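K.L.:
Take this structure first; my questions come after.
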Amino acid sequence: MTRIKKKIIPSSLNIQKKILDEIKLRLKNIYFPKAIYIFGSYVWGTPGIDSDLDIAVIIKESSAKPYKRVYQGIEALWDIKQTVDLHVYTETDFFLRAAHPSSLQHKIENRGIKIYDAA
Numbered sequence: 001m002t003r004i005k006k007k008i009i010p011s012s013l014n015i016q017k018k019i020l021d022e023i024k025l026r027l028k029n030i031y032f033p034k035a036i037y038i039f040g041s042y043v044w045g046t047p048g049i050d051s052d053l054d055i056a057v058i059i060k061e062s063s064a065k066p067y068k069r070v071y072q073g074i075e076a077l078w079d080i081k082q083t084v085d086l087h088v089y090t091e092t093d094f095f096l097r098a099a100h101p102s103s104l105q106h107k108i109e110n111r112g113i114k115i116y117d118a119a
C-alpha cells in the first residue's frame with residue numbers, strides 16, 4: 001500500500017538540516033512510522049516570516065483518538081527551535097483520503113517531500 005516517491009529537499013528550505021534530522025529522529029522514536037513527509041509553504045517555496053513547518057506522519061493502524069496521536073508528537077518536539085504543524089494519520093486513512101485529488105493528503109503525497117520511509 002505504501003507508495004514511494006523520492007524527492008530532493010530544496011535548497012530554499014530555510015531549515016537547518018540538524019533541526020530537521022532531530023525532528024525526524026524524535027518522531028521515529030515516538031510513532032515508529034511508515035513514512036514522514038514535510039509539506040506546505042517551506043517545501044513549496046512560499047514561506048513567510050511566521051510560517052511553520054508542516055509535517056505528516058503516517059503510522060500503522062491505531063485505536064488512539066487523532067488528537068491524542070498528535071499530542072504525543074507535540075510533546076516530543078516542545079523544545080525544538082522550529083514551529084511545527086503536526087498531522088498524524090493512520091496508513092489506511094491517509095491513502096484513502098489521498099485518492100481524492102482535492103484533499104490535503106493528495107497534495108502531501110504528490111507535492112510533499114518524504115523525509116523518512118520505513119520500507
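Residues in the sequence shown are numbered from 1 upward in steps of one, following my numbering.
No residue lacks a Cβ here, since even glycine has one placed at the ideal position from N, Cα and C.
Just so it is clear, the structure is predicted and the values come from calculations on it, not from any experiment.
Give a yes or no on contact between the region 87–101 and the region 56–75, applying the rule of three or more CB pairs nearer than 8 Å.
P.N.:
yes
K.L.:
Just reading off the alpha helix (DSSP H) that Asp-79 is part of, what are its end residues?
P.N.:
That residue, Asp-79, is in no alpha helix (DSSP H); it is neither H nor E in DSSP.
K.L.:
Does Gly-73 pass the burial test, meaning 16 or more other C-beta atoms within 10 Å, or should it be called exposed?
P.N.:
buried
K.L.:
Keeping to the same chain, check which residues put their C-beta closer than 6 Å to that of His-87; ignore five residues upstream and five downstream.
P.N.:
Ala-56
K.L.:
Quick one: what's Tyr-89 bridged to in DSSP?
P.N.:
Ile-58
K.L.:
What is the rounded straight-line gap between the Cα of His-106 and the Cα of Asp-21?
P.N.:
25 Å
K.L.:
From Ser-102 to Asn-110, what distance separates their C-alpha atoms?
P.N.:
12 Å
K.L.:
For Ile-19 and Ala-98, I'd like the C-alpha separation in whole angstroms.
P.N.:
28 Å
K.L.:
Between Val-84 and Asp-50, which are expected to be in contact by the criterion C-beta below 8 Å, what is the C-beta distance as a whole number of angstroms?
P.N.:
At roughly 13 Å, the Cβ-Cβ gap does not stay under 8 Å, so Val-84 and Asp-50 are not in contact.
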